[in-house]
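*Asks:*
Chains as they are written, first to last, in the numbering used here: chain A, 1 to 700; chain B, 1001 to 1073.
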């Protein structure tokens, strides 16, 4: 049997889901829409297995965000693969009235339903006494009081699931038909619906329901015109009617002691954390800690992963016969995989922090504090979290924009997030700064190289804000933006939940981004290992001749050979081809190859530089990459290739250009269209080109 | 009197709404005519505000708060 969990946000619904299913969980996607579909299995007392579906938290069946829209779609579409046989409405006992609004809507869908009444302990503490049996009688539904965090009474809930009758027995809540009698009757008749409330909901939502055919939807539109149906006023009328019903029920079943309210602990914490001055100081301190940790804690596991892959590559080379397939495996597939997997530690650490900040309730305070500033540039308080996250990596940050309800705000956030310097740009900055910025201290304590690095991050933030402003003027809002948000009480984080979030995000990243990165790595491998016929043969025969072989040591010979082979490969040809376009920026064709290979992922830069400038691709030789680059001369003029001007121009290019296949893939996945990744690619690359041009000419 | 005119620490009772679409969202979140609203605090930059309504805390922008009309006390 299939059981759906439905409830308001912050009711402990996800905790209950974790308790019911343990580790038997699966995160997938609802087809055609990027809303996580969390399902899991639960063993029932009668030995049957129940499939539990955790639907996104919502205050009402009328959706406000992308995530919420899935709830009604699953509940109303009998053909949906996860359409439930039973709904558990998770209700927060401390806020019964608002929580029951969603219950009354769900109950009217005429699907069997059970209430899991969570946080009874907190309700009792706050002085309200709920007569559960009386409430259960009045609603005609089983109510199981649970404490999800401690797993109390979960067995009783499992029993209730197992032995709940298969037909909907709950009492009707409000007279739904009265809200739009003819319309509801007509829709119900034509679409063969049992529940008048489903018909009414379809009238409100038909434009966004993907299970309705085009004809069905336009027929509903026609009927709405015919009976002059006004969606907003009908919703208002319905909501008031539902609250009237709830008030009558609660009057007889809940008693609240009217002792004067003491100041809650949450309120006292808020006085500090959202203080006019301390609020911001604490926030920036927390950010500082997060970034220190992302870089400090991930360094060791990242080098472990890199070493493991180097060991694997070595293994492949020693144990497999030399040949094209072995090269493809080691330089294409394994190299591509390591490019993906090396980011696991950073993603895991970032999401551990985000999950802790969200779980404790602090994140909604950050949103609360930052909203006004962010709104000025066309963003939203909720854009802060993805922007911070993108200092580590834009991919998970773009995934975390889903809770921004306003379409325009969300799009702008997605558009600017990849501008913020992520950890993949760090190696590029590090190499180039080491090359042209002297390692000296100014004022005796400020490291000049460190300042240059900080400057790059600063520039990226400024660019993000300016671009956001531009998009604010260009994009038309689809709906009125609003910011009505619950500020949950502060709680201790649930550590098992933190671990689960880390695991899930890493898994999504590896599977989704991994596919693309590996594919592109293979293509790049092909491009740099094959070339126009004839050219490569010439190079090969040149190095086989005894004359050349005697000039160099065998090691040198190999390096020069691979360097010239690269020049004659398709990648080299492309590098030469784009050279006229990049010369004004101060680059030569070799940098051109790095630019092209970097369009798969920026961190490829150092590796490509290493190959092109004939040094072995080895972490220990990173200084020699710098040396070789320093020695690189323009063959025509004899001047160094990497000057202050060309290096800063290159850094600016890497700061702004959209050189990340994973980001393009995730933007496509999140916006469901190629339009947005395309716009982003074009504007970022254009920005990068012109900014670099200006920087090069200013510094030249 | 509108909700946006209250200072932190002040409270009022909701009378009606001036924006139909907003009112549906506000009511779904528990802001109903007849409910008592207490303004807990302003955000550090003066907007949005945090209010307590029907036993929990909600944050909304000044512009949204100005669509909530309070009863005369």
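Just so you know, even glycine gets a beta-carbon here, dropped at the ideal spot from N, CA and C.
In this text the structure is predicted, and so the values were computed from the model without any measurement.
1. Going by C-alpha to C-alpha distance, which of A/666, A/640, A/135, A/435 sits closest to residue 395 of chain A?
2. Considering just the uninterrupted stretch of the beta strand (DSSP E) at residue 69 of chain A, what are its terminal residues?
3. Looking only at its chain, what residues have a beta carbon closer than 7 Å to the beta carbon of residue 568 of chain A, apart from the 5 residues adjacent to it on each side?
4. Alpha carbon to alpha carbon, how far is residue 499 of chain A from residue 483 of chain A? Give it in angstroms, no decimals.
5. On a CA-only basis, which of A/601, A/110, A/112, A/91 is nearest residue 102 of chain A? Give me that one, please.
6. Going along the chain, which unbroken runs of the alpha helix (DSSP H) with 4 or more residues stay wholly within the region 542-593 of chain A?
7. Would you report the Cα separation of residue 250 of chain A and residue 142 of chain A, rounded to the nearest angstrom?
8. Starting from residue 430 of chain A, trace the alpha helix (DSSP H) in both directions and tell me its first and last residue.
9. Could you check whether the Cβ of residue 1069 of chain B sits closer than 8 Å to any Cβ belonging to chain A?
10. Comparing alpha-carbon positions, which option in A/7, A/639, A/200, A/419 lies nearest residue 652 of chain A?
11. Does DSSP classify residue 452 of chain A as helix, strand or coil?
12. For the beta strand (DSSP E) holding residue 485 of chain A, just list the boundary residues, first then last.
13. Going by CA-CA distance only, name the one from A/9, A/239, A/50 that's closest to residue 67 of chain A.
14. Cα separation between residue 296 of chain A and residue 626 of chain A?
15. Any idea what DSSP makes of residue 944 of chain B, helix, strand or coil?
16. Anything in chain A within Cβ reach of residue 1025 of chain B, meaning under 9 Å, just list it in chain order.
17. Three Cβ pairs or more, each shorter than 8 Å: is that satisfied between the region 273-292 of chain A and the region 311-329 of chain A?
18. Less than 8 Å between the CB atoms is what I'm expecting for residue 629 of chain A and residue 657 of chain A, so what's the real figure, rounded?
19. In the DSSP assignment, what residue or residues form a beta bridge with residue 1013 of chain B?
20. Give the range of the alpha helix (DSSP H) segment to which residue 267 of chain A is assigned.
21. Mind listing the chain B neighbours of residue 463 of chain A? Cutoff is C-beta to C-beta under 9 Å, in chain order.
22. Quick one: grab the DSSP three-state call for residue 536 of chain A.
23. Would you please verify whether the beta carbon of residue 1016 of chain B is less than 8 Å from any beta carbon of chain A?
24. Please report the straight-line C-alpha distance between residue 1064 of chain B and residue 470 of chain A, rounded to a whole angstrom.
25. Pull up the DSSP beta-bridge partners for residue 1057 of chain B, would you.
26. Which chain B residues sit within Cβ distance under 8 Å of residue 279 of chain A?
27. Just to make sure I have the definition right: I need the residues of chain A whose C-beta is within less than 7 Å of the C-beta of residue 1030 of chain B. Which are they?
28. What residue range is occupied by the uninterrupted alpha helix (DSSP H) comprising residue 253 of chain A?
29. Which residues of chain A have a Cβ atom closer than 7 Å to the Cβ of residue 1055 of chain B, listed in chain order?
30. Is residue 700 of chain A a contact residue of the ligand COA, with contact defined as CB to any heavy atom under 7 Å?
31. At the 8 Å Cβ level, is residue 1048 of chain B part of the contact set with chain A, yes or no?
32. Which residues in chain B have a C-beta closer than 8 Å to the C-beta of residue 372 of chain A? List them in chain order.
33. Rounded to whole angstroms, what's the CA-CA distance from residue 1049 of chain B to residue 485 of chain A? Just pull it up for me.
34. Is there at least one Cβ from chain B nearer than 8 Å to residue 233 of chain A's Cβ?
35. If we ignore side chains and look at the alpha-carbon of each, how far apart do residue 622 of chain A and residue 603 of chain A end up?
36. Could you say if the region 98-116 of chain A and the region 193-209 of chain A meet the contact criterion of at least three C-beta pairs nearer than 8 Å?
*Replies:* Let me spell this out:
1. One-based indexing of the first chain puts residue 395 of chain A at position 395. Per the Cα distances, A/666.
2. Taking the first chain and counting its residues from 1, the one referred to as residue 69 of chain A is at position 69. Note, residue 69 of chain A: premise wrong, no beta strand (DSSP E); alpha helix (DSSP H) at 66-76.
3. Mapped onto the first chain, residue 568 of chain A falls at position 568. Cβ neighbours of residue 568 of chain A beyond the five flanking positions: 531, 535, 536, 539.
4. As a working note, residue 483 of chain A is residue 483 in the first chain. As a working note, residue 499 of chain A is residue 499 in the first chain. Approximately 30 Å between the Cα atoms of the pair.
5. Locating residue 102 of chain A in the first chain gives position 102, counting from the first residue. It is A/91.
6. 546-551, 554-567, 570-582
7. Position 250 of the first chain, counted from the first residue, corresponds to residue 250 of chain A. Position 142 of the first chain, counted from the first residue, corresponds to residue 142 of chain A. Computed Cα separation, rounded: 16 Å.
8. Numbered from its first residue, the first chain carries residue 430 of chain A at position 430. Residues 425-436.
9. Numbered from its first residue, the second chain carries residue 1069 of chain B at position 69. No, no contact with chain A.
10. Here the question's residue 652 of chain A lines up with position 652 in the first chain. Residue A/419 is the option with its Cα nearest to residue 652 of chain A.
11. Walking along the first chain from the start, residue 452 of chain A turns up at place 452. In this structure, residue 452 of chain A counts as helix in the three-state DSSP scheme.
12. Position 485 of the first chain, counted from the start, is the residue given in the question as residue 485 of chain A. Where residue 485 of chain A is concerned, the enclosing beta strand (DSSP E) stretches over 485-487.
13. To locate residue 67 of chain A, count along the first chain from 1; it is residue 67. Of A/9, A/239, A/50, the residue nearest in Cα terms is A/9.
14. Start at 1 with the first residue of the first chain, and residue 296 of chain A comes out as number 296. Start at 1 with the first residue of the first chain, and residue 626 of chain A comes out as number 626. Rounded to the nearest angstrom, the two C-alpha atoms are 24 Å apart.
15. In the structure as shown, chain B starts at 1001 and stops at 1073, and residue 944 of chain B therefore has no counterpart that could be examined.
16. If you number the second chain from 1, residue 1025 of chain B lands on position 25. Going along chain A in sequence order, the residues near residue 1025 of chain B (Cβ under 9 Å) are 59, 60, 62, 64, 482, 484.
17. no
18. In the first chain, residue 629 of chain A corresponds to position 629, counting from 1. In the first chain, residue 657 of chain A corresponds to position 657, counting from 1. Not confirmed; about 20 Å, so no contact.
19. On the second chain, position 13 is the one that residue 1013 of chain B refers to. B/1036.
20. For the purposes of this step, residue 267 of chain A is taken as the residue at position 267 of the first chain. 265-273 is the extent of the alpha helix (DSSP H) around residue 267 of chain A.
21. By 1-based counting over the first chain, the position of residue 463 of chain A is 463. Simply none; closest approach about 24 Å.
22. Within the first chain, numbered from 1, the residue matching residue 536 of chain A stands at position 536. Residue 536 of chain A: helix per DSSP, three-state reduction.
23. As a position in the second chain, residue 1016 of chain B is number 16, starting the count at 1. Taking Cβ atoms only, chain A never reaches closer than 8 Å to residue 1016 of chain B, which makes this a no.
24. Counting from one through the second chain, the residue named residue 1064 of chain B turns up at place 64. Counting from one through the first chain, the residue named residue 470 of chain A turns up at place 470. Going from the Cα of residue 1064 of chain B to the Cα of residue 470 of chain A covers about 25 Å.
25. The residue labelled residue 1057 of chain B in the question sits at position 57 within the second chain. Residue 1057 of chain B pairs with A/487, B/1052.
26. Working through the first chain from its first residue, we reach residue 279 of chain A at position 279. The answer, in chain order, is 1044.
27. Counted from its first residue, the second chain places residue 1030 of chain B at position 30. The contacting residues are 97, 98.
28. Residue mapping note: residue 253 of chain A aligns to position 253 of the first chain, counting from 1. Per DSSP, residue 253 of chain A belongs to the alpha helix (DSSP H) from 231-253.
29. Taking the first residue of the second chain as 1, we reach residue 1055 of chain B at position 55. Residues of chain A passing the Cβ test: 94, 95.
30. The ligand COA is not part of the structure shown, which contains no ligands of any sort.
31. Looking up residue 1048 of chain B in the second chain gives position 48. It does: the Cβ of residue 1048 of chain B has a partner Cβ on chain A nearer than 8 Å.
32. Translated into the one-based positions of the first chain, residue 372 of chain A becomes position 372. Result: 1043, 1045, 1046, 1047, 1048.
33. The residue you call residue 1049 of chain B lines up with position 49 of the second chain. The residue you call residue 485 of chain A lines up with position 485 of the first chain. Between residue 1049 of chain B and residue 485 of chain A, the C-alpha separation is close to 11 Å.
34. Along the first chain, read from residue 1 onward, the residue named residue 233 of chain A stands at position 233. Yes, because at least one Cβ of chain B sits closer than 8 Å to the Cβ of residue 233 of chain A.
35. Walking along the first chain from the start, residue 622 of chain A turns up at place 622. Walking along the first chain from the start, residue 603 of chain A turns up at place 603. At residue 622 of chain A, the pLDDT of 43 sits below 50, so the modelled position is not reliable and the matter cannot be decided from this model.
36. yes
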